[in-house]
Amino acid sequence: MNVTLSLEQFHRLRDYIYQKTGIYFPDSKLYFMERRLIQRLEALGIQDINYYYSMLRFESSGAELQAFIEVLTVNETYFFREFHQLKCFAEEVLPELIRREKGNLVFWSAGCSTGEEAYTLAIILCEMLRPENLARCRIIATDIDNKVLAFARKGCYGERSTRHIPAPYIRRYFEEDGNELRVTDELRRLVEFRQLNLMESAMMRKMEHVDVIFCRNVLIYFDDQSRRQVALDFYQSIKDGGYVFLGHSESMSRITSIFQLRKFQHSIIYQKPMAR
Ligand SMILES: C[S@@+](CC[C@H](N)C(=O)[O-])C[C@H]1O[C@@H](n2cnc3c(N)ncnc32)[C@H](O)[C@@H]1O
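Shown next, in the form of structure tokens:
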């Protein structure tokens, strides 16, 4: 298809996507957006970018907006990503929470993509906790992208995402399915996948009494204003003394000081201050 995205059209599209998702595309991403846009135009048999833009904005179902978001998001993920943080969670944060909290524990993988992070947390819970404590735990995994959520619910993974899983865990928590590995029902039962847009405060307010949020490699695509909005919503969602894990290249330092930095042996994690 012979279509060229002008700078003006790019700005209109990126501003709209930013407003809806918090994801910010700098001018250097014009060709990236053009390639992804052409995919959608070809699928729809449309040549006119201005017409497509109107469709995105005014189509009442929001289906095309969702489809466009799905081709723009970066969904790269794998099991046991950023191992030192997971070690900190398993050996330091989790035992502290089990001792401190008497009721249920909620772990939230925010921006879970195809589910590897959420199932990794499920493996850690199964490995670390006695049955009576495991029964208190639940993992909620959310993403804006319905396609990755459908994939996550199936729970079948290839070599690329499973390559860092220690061999004993493969034997214990996966079943072979052709060339792929399928997570067992034991893991699946612990995780609930839901669609949630981190920029929709009304939906974010429904996430309550969370103990730990993993939001890794998601906010790197946002600008500071959207990051701040998400951080403030996270603050409302988590319990006093709860924790937020960001990706290793992400930080809240420029954004807000409402969270404290807590230094553990294996990592430095954001913590909501304990109530006095
Ligand atoms: C690179 S993946 C990160 C996956 C996983 N957390 C990890 O660290 O491996 C980023 C995910 O964030 C999701 N995402 C981007 N913007 C979002 C938003 N506004 N609300 C919810 N999820 C969003 C994308 O759809 C994508 O699946």
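Okay, so the sequence shown: first residue is 14 according to the numbering used here, each after it adds one. We treat Cβ as the ideally placed atom computed from N, Cα and C, and that holds for glycine.
To the nearest angstrom, report how far apart threonine 197 and alanine 215 are at their CA atoms. 34 Å
One or two residues paired with serine 122 in a DSSP bridge: Ala154 and Phe227
Less than 8 Å separating the beta-carbons of valine 204 and glycine 255? no
Element boundaries [beta strand (DSSP E), containing tyrosine 13]: Here the chain comprises residues numbered 14 to 289, so residue 13 is not present and cannot be evaluated.
N-terminal and C-terminal residue of the alpha helix (DSSP H) that glutamine 22 is part of: 20-34
Measure how close the beta-carbons of methionine 154 and phenylalanine 206 come, nearest whole angstrom, since I'm counting them as under 8 Å. Here residue 154 turns out to be alanine, not methionine, going by the sequence shown. Right, their Cβ atoms sit about 5 Å apart.
What distance in whole Å lies between the Cβ atoms of arginine 218 and glutamine 249, which are believed to be in contact at a cut-off of 8 Å? 7 Å
Might you give, ordered along the chain, the residues of its own chain that have their beta carbon closer than 7 Å to the beta carbon of arginine 195, omitting 5 neighbours on each side? Gly168, Cys169, Phe187 and Glu188
Going by C-alpha distance, which of Ile111, Arg229 and Thr17 is nearest leucine 43? Thr17
Does the distance between the C-beta of tyrosine 29 and the nearest non-hydrogen atom of ligand 1 fall short of 7 Å? no
If you follow the beta strand (DSSP E) that valine 204 is part of, which residue opens it and which one closes it? 204-208
Just curious, the alpha helix (DSSP H) that phenylalanine 45 is in, first and last residue? 43-57
Please identify the residue among Ile51, Val257, Ile111 and Ser270 whose C-alpha is closest to the C-alpha of leucine 85. Ile51
Do you know offhand how far alanine 131's Cα is from arginine 229's? 12 Å
What do you get for aspartate 236, buried or exposed, if any count of 16 or more other CB atoms within 10 angstroms of its CB means buried? exposed
N-terminal and C-terminal residue of the alpha helix (DSSP H) that valine 161 is part of: 159-167
Who are the Cβ neighbours of tyrosine 91 in its own chain at under 6 Å, not counting the five residues just before and after it? Glu129 and Ser174
Just mark lysine 276 as buried or exposed, buried being the case when its beta carbon has 16 or more other beta carbons within 10 Å. exposed
For aspartate 40, does the three-state DSSP call read helix, strand or coil? helix
For glutamate 83, which residues of its own chain have a beta-carbon under 6 Å away from its beta-carbon, when the five flanking residues on both sides are left out? Asp158 and Lys160
Is it buried or exposed, leucine 259, if we count other Cβ atoms within 10 angstroms and call 16 or more buried? buried
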